[in-house]
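Have a look at the structure below, then the notes.
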Amino acid sequence: AQKVTQAQTEISVVEKEDVTLDCVYETRDTTYYLFWYKQPPSGELVFLIRRNSFDEQNEISGRYSWNFQKSTSSFNFTITASQVVDSAVYFCALSSNNAGNMLTFGGGTRLMVKP
Amino acid sequence: NAGVTQTPKFRVLKTGQSMTLLCAQDMNHEYMYWYRQDPGMGLRLIHYSVGEGTTAKGEVPDGYNVSRLKKQNFLLGLESAAPSQTSVYFCASTLAGAIYNEQFFGPGTRLTVL
Numbered sequence: 144a145q146k147v148t149q150a151q152t153e154i155s156v157v158e159k160e161d162v163t164l165d166c167v168y169e170t171r172d173t174t175y176y177l178f179w180y181k182q183p184p185s186g187e188l189v190f191l192i193r194r195n196s197f198d199e200q201n202e203i204s205g206r207y208s209w210n211f212q213k214s215t216s217s218f219n220f221t222i223t224a225s226q227v228v229d230s231a232v233y234f235c236a237l238s239s240n241n242a243g244n245m246l247t248f249g250g251g252t253r254l255m256v257k258p
Numbered sequence: 015n016a017g018v019t020q021t022p023k024f025r026v027l028k029t030g031q032s033m034t035l036l037c038a039q040d041m042n043h044e045y046m047y048w049y050r051q052d053p054g055m056g057l058r059l060i061h062y063s064v065g066e067g068t069t070a071k072g073e074v075p076d077g078y079n080v081s082r083l084k085k086q087n088f089l090l091g092l093e094s095a096a097p098s099q100t101s102v103y104f105c106a107s108t109l110a111g112a113i114y115n116e117q118f119f120g121p122g123t124r125l126t127v128l
């Protein structure tokens, strides 16, 4: 079985602060993919990034960056200089062959960015 | 393209009533999924389909049935609604079953069972 844990249920920051959302995963597969999705207050889920298990390079996209470390089974997401529009629930998810290509989601982290 | 659409957006049922949620996608995706979202539990897979005419159980299938008669549609049925089925339901689709494919989600259906 595979599992994704997002230990932070809620985070509150003030605008312009940096914030890191943690994601820890468990899988017995050697080939797997990790995803981050954003769910803004409007409710829809928006795909942010995917990372495969063989690529541990960090990725940066504007104010967003992702740190993938296989040694600690973590795929953390950092928002630099947070903005009110970043307020959302963020989900980390895992997909692997042994799980029938199904996505396993973490419980989500609600980020509140205050002006 | 509309992407993934869900009907209805909101519904209130009484215990024991039945209803069907409709999911439609116009991206020619093979795989379709139904999830439920409950506070603190993320999204949990109810049922999924790997192609027209096929369905399979996910993590929490009890109390639900599904059908995929047409490739573009995936229906979720509640035969006898219970308060425990109060949730937000999301439909998703993906091109094929490769583990790297991201899923595209519908806007969700908020269901309350009294």
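Heads up: the protein sequence lines correspond to chains B and Y, in order. Counting from 144, one number per residue, gives the positions in the first sequence under my numbering. Counting from 15, one number per residue, gives the positions in the second sequence under my numbering. For every residue, glycine included, the Cβ atom is placed at its ideal position computed from N, Cα and C.
Exercise for the section: Evaluate the contact criterion for the stretch 221-235 of chain B versus the stretch 157-177 of chain B: three or more CB pairs, one atom per stretch, below 8 Å. Expected result: yes
Practice task
Determine, using beta carbons only, whether Ser133 of chain B and Ile60 of chain Y come nearer to each other than 8 Å.
Solution key: As displayed, chain B neither begins before 144 nor continues past 258, which places residue 133 of chain B out of reach and without an answer.
Problem - Minimum Cβ-Cβ distance from Ser239 of chain B to chain Y less than 8 Å - result: yes
Problem - Three-state class that DSSP yields for Gln39 of chain Y in the structure shown - result: strand
Handout entry: Partner residues on chain B for Gly56 of chain Y, Cβ-Cβ distance less than 7 Å
Key = Phe234, Phe248, Gly249, Gly250 and Gly251
Problem - Contacts of Asn195 of chain B in chain Y (Cβ-Cβ under 8 Å) - result: Tyr114
Exercise for the section: Have a look at Thr126 of chain Y and Val80 of chain Y and give me their C-alpha separation to the nearest angstrom. Expected result: 19 Å
Exercise for the section: Quick one: grab the DSSP three-state call for Asn79 of chain Y. Expected result: strand
Practice task
Indicate the three-state DSSP secondary structure (helix, strand or coil) for Asn240 of chain B in the structure shown.
Solution key: helix
Practice task
Spell out whether any CB of chain Y is found under 8 Å from the CB atom of Phe260 of chain B.
Solution key: No information on residue 260 of chain B is available, as it lies outside the stretch 144 to 258 that chain B covers here.
Handout entry: Residues from the stretch 144-166 of chain B in contact with chain Y, defined by Cβ distance under 7 Å
Key = Thr152
Exercise for the section: Give the C-beta separation of Arg82 of chain Y and Met33 of chain Y to the nearest angstrom, bearing in mind that I take them to be a contact with Cβ-Cβ under 8 Å. Expected result: With 8 Å as the limit, Arg82 of chain Y and Met33 of chain Y do not qualify as a contact, their Cβ atoms being about 18 Å apart.
Practice task
Check whether the stretch 166-173 of chain B touches the stretch 212-223 of chain B, taking contact to mean three or more Cβ pairs, one atom from each stretch, closer than 8 Å.
Solution key: yes
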